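My numbering applies: residue 64 is where the sequence shown begins, and numbers increase by one.
Glycine included, every Cβ here is placed at the ideal spot set by N, Cα and C.
Values in this document were obtained by computation on a predicted structure and should not be read as measured data.
Worksheet for the structure shown next.
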Amino acid sequence: MKRSIAQAAAVLLAVAGLTAALPASASAAGPRCQGYGCDATLASTTGCNAGSYVPKKEGAKVTTDRGVLRVFWGPRCSTNWGAFDPTVAGVYKVSIYREEVGDRPWIGHGRPPQRVHANEIPGVRLRTTMFYAPEAQVMVCVDVPAEGRVTAGSWTRHACTEWI
64 MKRSIAQAAA VLLAVAGLTA ALPASASAAG PRCQGYGCDA TLASTTGCNA
114 GSYVPKKEGA KVTTDRGVLR VFWGPRCSTN WGAFDPTVAG VYKVSIYREE
164 VGDRPWIGHG RPPQRVHANE IPGVRLRTTM FYAPEAQVMV CVDVPAEGRV
214 TAGSWTRHAC TEWI
């Protein structure tokens, strides 16, 4: 009997130790980037997407005849990124632009063009990389191939959000 009580106590202590360790490890698992180190990274791979939302400002969400374009704000890392949810199959290039910040010039960044097939709609979301922008404004745009041709200089601006 004494042996089973001692074993049960050991199990309870082990469980209590594990339970006590969970909150500490969860809080230690913060974002994997900080400040301008978040530039050109993905929110989903850095943990910056936790608690993110589309600001309730006019122009932060734009609905077009080809899909919905949004600016996201990630308060955990003070970053913005864009997403385009296409409703029409096609090739799209989604970019994000940040206004000039101090000695950092106005810059744009996105990801390579992506082809969306009809069987992927709905469900596919094309995302940009992030910009650290605690005070700077950003704008997200989606481009489509001019006249259906996908070449380096053949892109046409389809839609942009407002500067948010």
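C-alpha distance - residue i paired with residue j, whole-angstrom precision
{"i": "Val151", "j": "Tyr116", "result": "24 Å"}
{"i": "Gly93", "j": "Glu210", "result": "45 Å"}
{"i": "Ala24", "j": "Ala196", "result": "Only positions 64 to 227 of the chain appear in the structure, and residue 24 is not among them; the question remains open."}
{"i": "Pro168", "j": "Cys204", "result": "19 Å"}
{"i": "Ala199", "j": "Arg174", "result": "21 Å"}
{"i": "Thr224", "j": "Val201", "result": "9 Å"}
{"i": "Ile159", "j": "Thr192", "result": "8 Å"}
{"i": "Val74", "j": "Gln97", "result": "Confidence is the limiting factor: at Val74 the pLDDT is only 39, short of 50, which leaves the residue's position unreliable, though a coordinate-based value still follows. Taking the straight line joining both Cα atoms gives about 40 Å."}
Helix, strand or coil at residue i according to DSSP, with G and I counted as helix
{"i": "Cys101", "result": "helix"}
{"i": "Ala181", "result": "helix"}
{"i": "Thr150", "result": "coil"}
{"i": "Thr108", "result": "helix"}
{"i": "Ala209", "result": "helix"}
{"i": "Gly186", "result": "coil"}
{"i": "Thr282", "result": "Coverage of the chain is limited to positions 64 through 227, which leaves residue 282 absent and any answer about it impossible."}
{"i": "Cys96", "result": "coil"}
{"i": "Trp226", "result": "coil"}
{"i": "Gly114", "result": "coil"}
{"i": "Met202", "result": "strand"}
{"i": "Thr126", "result": "strand"}
{"i": "Pro86", "result": "Any reading at Pro86 needs caution, since the residue's pLDDT is 35, under 50, leaving its predicted position unreliable; the model's value is listed next. The answer is helix: DSSP assigns Pro86 an H, G or I state."}
Whole-Å CB distance - residue i paired with residue j, under 8 Å assumed
{"i": "Asp102", "j": "Phe194", "result": "6 Å"}
Test item: CB-CB of residue i and residue j under 8 Å
{"i": "Asp206", "j": "Lys124", "result": "no"}
{"i": "Asp146", "j": "Arg190", "result": "One detail in the question is off: residue 146 reads as Ala in this sequence, not Asp. In contact: Ala146 and Arg190 (Cβ atoms closer than 8 Å)."}
{"i": "Thr109", "j": "Cys140", "result": "yes"}
{"i": "Gly130", "j": "Pro149", "result": "yes"}
{"i": "Thr142", "j": "Ala181", "result": "no"}
{"i": "Val154", "j": "Pro208", "result": "yes"}
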